[in-house]
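Asker:
Residue numbers (this note's numbering), protein chains in the order written: chain A, 6 to 210; chain B, 37 to 251.
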């Protein structure tokens, strides 16, 4: 009940923030713009990630990094750079809070046969190949924390392309991921993305 | 007399054998990795422990290794393998390291000296300093500085605490006997169980905050 009330309060904040912008026809409407690519309940599609249940500090950080062009992945450039140009820091903050409280669903669209291998890499890394454990930063249930994103349940193709793009030099300023992901083989990436797509939001609170 | 000297001779012979064997193992170990392999392993350690070994706050706090005592690092890496210290991730990490690699890594981290990463609460620094320097005699808690040194730099198997991550030190102080000092009574960590078990949460926070700011 408490959660619902606070959610309603935040919704009110977001929509009231959108209110004044509606009056000004040249300005974008924050929430409706998000839904075009990320879906009406923010569950995402294969290329635009799920935002529902994502960590608020992470969302806010990413919105800022689109704005400062630090996150320069192909789709980020094409879609997110223009999308955030008129976003005020306060609206970015309110949006992040709102999205983080939406209940998420796991995509479950990876290769089930690779999930066990992916889980092993996620939990323990591969010390012989100098591949670090993902769990130590992203959490036992891939739930993320603070500015570190929740990975559990994201779409296979989104996870795969992000992991590939770290190795290709995109989003290079966002340490330590570029160095970690560049160690992963194509097989490792497929396995990790598969495993993570199935992780349910058990610990979603 | 004869018996004693025979025993001594035997002991000497065994010792000589042990040392020559250890010497040979070390020689083999020294040649067992190249400069680039060491570089790759260092980069691997720094993925989690920070580019300058300053530590990193992930889901779990990854401890600062910069300036750490080499003997402490070597002992802890052995402790992971021998299950005196439980940590499934570090168990695997430690398993992939040869003794000579461990020595090389420890020597490297010893020389690093980045600033502490900060982020600790500032309310109880004075209390932390008092406990660190004088202990809590009425609660039977000795001064931390007695073993860890007046500047918290540590010595041999006793770790440096200066600049250590606040949440890491808090977790360690709350977890003695669950995570460390297991298995063998000889583990140097075992001494920390009776040393810390009278500390309150506030006192633990105060100590961890104080040492986290020391350079």
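Using N, Cα and C, we set each Cβ at its ideal position, and we do this for glycine too.
Can you give me the start and stop residues for the alpha helix (DSSP H) that residue 110 of chain B sits inside?
Answerer: Start and end: 106-117.
Asker: Determine contact between the segment 152-168 of chain A and the segment 194-206 of chain A, defined as no fewer than three beta-carbon pairs at a distance below 8 Å.
Answerer: Result yes; three or more Cβ-Cβ pairs closer than 8 Å.
Asker: Going along chain A, which residues have a C-beta under 7 Å from residue 94 of chain B?
Answerer: Chain A residues near residue 94 of chain B: 141, 142 and 153.
Asker: Under DSSP, the alpha helix (DSSP H) around residue 209 of chain B begins and ends at which residues?
Answerer: It spans 202-210 - the alpha helix (DSSP H) in which residue 209 of chain B sits, taken as one unbroken run.
Asker: Compare the C-alpha of residue 141 of chain A against each of B:81, B:152 and B:136 and name the closest.
Answerer: Nearest of B:81, B:152 and B:136 to residue 141 of chain A, Cα basis: B:81.
Asker: Taking the C-alpha atoms as reference points, what is the distance between residue 130 of chain A and residue 185 of chain B?
Answerer: Whole-angstrom Cα-Cα distance: 36 Å.
Asker: Is the distance from the Cβ of residue 167 of chain A to the Cβ of residue 60 of chain A below 8 Å?
Answerer: No. Outside cutoff.
Asker: Using the beta-carbon of each residue, which ones in chain A are nearer than 8 Å to residue 125 of chain B?
Answerer: Here the neighbours are 128, 129, 130, 138, 140 and 141.
Asker: Alpha carbon to alpha carbon, how far is residue 149 of chain B from residue 118 of chain A?
Answerer: Answer to the nearest angstrom: the Cα atoms are 46 Å apart.
Asker: Could you have a look at residue 246 of chain B and say whether DSSP puts it in helix, strand or coil?
Answerer: Residue 246 of chain B: helix per DSSP, three-state reduction.
Asker: Please report the residue range of the alpha helix (DSSP H) in which residue 165 of chain A lies.
Answerer: Per DSSP, residue 165 of chain A belongs to the alpha helix (DSSP H) from 161-172.
Asker: Can you give me the C-alpha to C-alpha distance between residue 182 of chain B and residue 127 of chain A, rounded to a whole angstrom?
Answerer: Their Cα atoms are separated by approximately 41 Å.
Asker: Do you know offhand how far residue 106 of chain B's Cα is from residue 181 of chain A's?
Answerer: Near 25 Å, if we compare the C-alpha coordinates of residue 181 of chain A and residue 106 of chain B.
Asker: When you check each C-beta in the segment 183-205 of chain A against every C-beta of chain B, which residues fall closer than 7 Å?
Answerer: Residues passing the 7 Å Cβ filter: 184 and 185.
Asker: Just confirm the distance between the C-beta atoms of residue 245 of chain B and residue 209 of chain B, as a whole number of angstroms; I'd bet it's less than 8 Å.
Answerer: Not really, about 12 Å apart at Cβ, beyond 8 Å.
Asker: Residues of chain B with CB under 9 Å from residue 89 of chain A, in chain order?
Answerer: Result: empty, since nearest Cβ-Cβ is about 27 Å, beyond 9 Å.
Asker: Do you know whose CA, among A:172, A:145, A:157 and A:189, lies nearest residue 137 of chain A's CA?
Answerer: Ranking the options by Cα distance to residue 137 of chain A, first place goes to A:189.
Asker: On the CB-based measure, 16 or more other CB atoms within 10 Å of its CB, does residue 120 of chain B come out buried or exposed?
Answerer: Looking at its Cβ environment, which holds 16 or more other Cβ atoms inside 10 Å, residue 120 of chain B is buried.
Asker: In whole angstroms, what separates the C-alpha of residue 92 of chain A from that of residue 153 of chain A?
Answerer: Answer to the nearest angstrom: the Cα atoms are 22 Å apart.
Asker: Along the chain, where does the alpha helix (DSSP H) containing residue 99 of chain A start, and where does it finish?
Answerer: Unbroken alpha helix (DSSP H) run through residue 99 of chain A: 94-105.
Asker: What distance in whole Å lies between the Cβ atoms of residue 55 of chain A and residue 109 of chain A, which are believed to be in contact at a cut-off of 8 Å?
Answerer: Correct: roughly 6 Å between the Cβ atoms.
Asker: Taking only beta-carbon atoms, is residue 144 of chain B less than 8 Å away from chain A?
Answerer: No, because no Cβ of chain A sits closer than 8 Å to the Cβ of residue 144 of chain B.
Asker: Residue 95 of chain B by DSSP, collapsed to three states: which one?
Answerer: Residue state, collapsed to three classes: coil.
Asker: Listed in chain order, which residues of the segment 70-81 of chain A have Cβ atoms closer than 8 Å to some Cβ of chain B?
Answerer: Cβ contacts with chain B: none found.
Asker: Evaluate residue 143 of chain B with the Cβ neighbour count: other Cβ atoms within 10 Å of its Cβ, from every protein chain shown; 16 or more gives buried, anything less gives exposed.
Answerer: The residue is exposed, with fewer than 16 neighbouring Cβ atoms inside 10 Å.
Asker: Determine, for residue 25 of chain B, whether the minimum Cβ-Cβ distance to residues of chain A falls below 8 Å.
Answerer: The requested residue 25 of chain B does not occur in the structure, where chain B is confined to residues 37 to 251.
Asker: Taking Cβ positions only, does residue 138 of chain B come closer than 8 Å to chain A?
Answerer: Closer than 8 Å: no.
Asker: Give me the Cα-Cα distance between residue 100 of chain B and residue 120 of chain A, rounded to the nearest whole angstrom.
Answerer: Rounded to the nearest angstrom, the two C-alpha atoms are 33 Å apart.
Asker: Tell me which residue opens and which closes the alpha helix (DSSP H) that residue 147 of chain B is part of.
Answerer: 135-147 is the span of the alpha helix (DSSP H), which, as asked, contains residue 147 of chain B.
Asker: Report, in whole angstroms, the separation of the C-beta atoms of residue 207 of chain B and residue 97 of chain B, which I expect to be a contact under 8 Å.
Answerer: Indeed, because the Cβ distance is near 7 Å, the residues count as touching under 8 Å.
Asker: Over the uninterrupted alpha helix (DSSP H) stretch that includes residue 170 of chain B, give me the two end residues.
Answerer: Here the alpha helix (DSSP H) through residue 170 of chain B covers 161-170.
Asker: Could you please give the first and the last residue of the uninterrupted alpha helix (DSSP H) stretch that includes residue 129 of chain A?
Answerer: Here the alpha helix (DSSP H) through residue 129 of chain A covers 120-129.
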